[in-house]
Amino acid sequence: QQQVKQSPQSLIVQKGGISIINCAYENTAFDYFPWYQQFPGKGPALLIAIRPDVSEKKEGRFTISFNKSAKQFSLHIMDSQPGDSATYFCAASRGNNNDMRFGAGTRLTVKP
Amino acid sequence: DAGVIQSPRHEVTEMGQEVTLRCKPISGHNSLFWYRQTMMRGLELLIYFNNNVPIDDSGMPEDRFSAKMPNASFSTLKIQPSEPRDSAVYFCASSLEFRLGGPSNQPQHFGDGTRLSIL
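These protein sequence lines are chains L and G, in that order. For the record, in the first sequence the residue sitting at position 68 is 68 according to this note's numbering, with numbers rising by one throughout. If you count the second sequence from 1, you need to add 112 to reach this note's numbering.
Next comes the structure, spelled out in structure tokens:
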């Protein structure tokens, strides 16, 4: 079922630094790529999402970069804060099918 | 605005017992998903429904697992008999189904999960 590969498994960043999480997918039919943020004891929550017709999407400190030819996309967190410490999941789905495939997750720790 | 509601939040039971997890999706959402999350396997899709109809249950591990959606506002995931390897956090999520002319790929909204421990 693993159609989306995510790295790194864990990441430690200093406060104010840039956090970068990478994902790669196999199925070229995927056309929706969301990122979810999960805090302990909570369900994943949608953070930001991109469609393949654009190469970048920015919302506040969070940016998705998308490379369609390489079948890769990444999440950049600028000016990382301790409150950003969480597990991040990339995902992909296709067309009018809500079936979504998740990456394995990245545990981010932002040190004060 | 109420989100996806799951119950119970925690369940501890002995091997061999029947376990029933419950989910109330967001009102108006017509797609519902059941996921299982473990350290080893991450977040796995078990089954999803569109308009109360199961669409893909290929992720259901085995016949001990079953899911129903009797109406648009309620779904259950049942494990019978339960085994220790079923211990995990089970999430329910809901979304709006893609409709022709509307935005595609609606985001999924997750509940806070049920932490299941089988002794």
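Yeah, the Cβ is synthetic: ideal placement off N, Cα and C, and Gly gets one too.
What would DSSP say about residue i, mapped onto helix, strand or coil?
i	result
G83 of chain L	helix
P34 of chain L	strand
R227 of chain G	strand
R134 of chain G	strand
S19 of chain L	strand
Looking at the strands, I want to know which residues DSSP matches up with residue i.
i	result
R101 of chain L	L:A92
T106 of chain L	L:Y88
F62 of chain L	L:E59, L:I77
K111 of chain L	L:Q14
N125 of chain G	Position check: residue 125 of chain G holds Thr in this sequence, whereas Asn was assumed. According to DSSP, T125 of chain G bridges with G:I230.
A205 of chain G	G:F145, G:F222
Q118 of chain G	G:C135
Q72 of chain L	L:A24, L:N67
K5 of chain L	L:A24
A45 of chain L	L:Q37
A200 of chain G	G:L228
Report, in whole angstroms, the separation of the C-beta atoms of residue i and residue j, which I expect to be a contact under 8 Å.
i	j	result
D224 of chain G	R121 of chain G	7 Å
L75 of chain L	L11 of chain L	Going by Cβ atoms, the distance from L75 of chain L to L11 of chain L rounds to 11 Å, so no, they are not a contact pair.
P137 of chain G	S185 of chain G	7 Å
Y90 of chain L	F33 of chain L	According to the sequence as given, residue 90 of chain L is Cys; it is not Tyr. The Cβ separation is near 7 Å, so the contact holds.
Q6 of chain L	I21 of chain L	7 Å
D79 of chain L	G16 of chain L	6 Å
L158 of chain G	Y147 of chain G	6 Å
Y25 of chain L	K57 of chain L	17 Å between Cβ atoms; not a contact.
S194 of chain G	G128 of chain G	7 Å
F62 of chain L	I77 of chain L	6 Å
W35 of chain L	I18 of chain L	About 15 Å; that fails the 8 Å criterion.
E209 of chain G	N162 of chain G	5 Å
S229 of chain G	V131 of chain G	Not quite, the Cβ-Cβ distance comes to about 10 Å (not below 8 Å), so this is no contact.
G154 of chain G	G105 of chain L	6 Å
Using a Cβ cut-off of 8 Å, which residues of the stretch 128-142 of chain G contact any Cβ in chain A, in chain order?
Considering every chain present, this structure includes no chain A. Its protein chains are L and G.
What are the uninterrupted segments assigned as beta strand (DSSP E) that are 3 or more residues long and contained completely in the stretch 140-191 of chain G, given in chain order?
143-150, 154-162, 165-168, 177-183, 186-191
Quick one: any contact between the stretch 72-88 of chain L and the stretch 188-197 of chain G, if contact means 3 or more CB pairs under 8 Å?
no
Please determine if the stretch 114-130 of chain G and the stretch 193-205 of chain G are in contact, where contact requires at least 3 C-beta pairs separated by less than 8 Å.
yes
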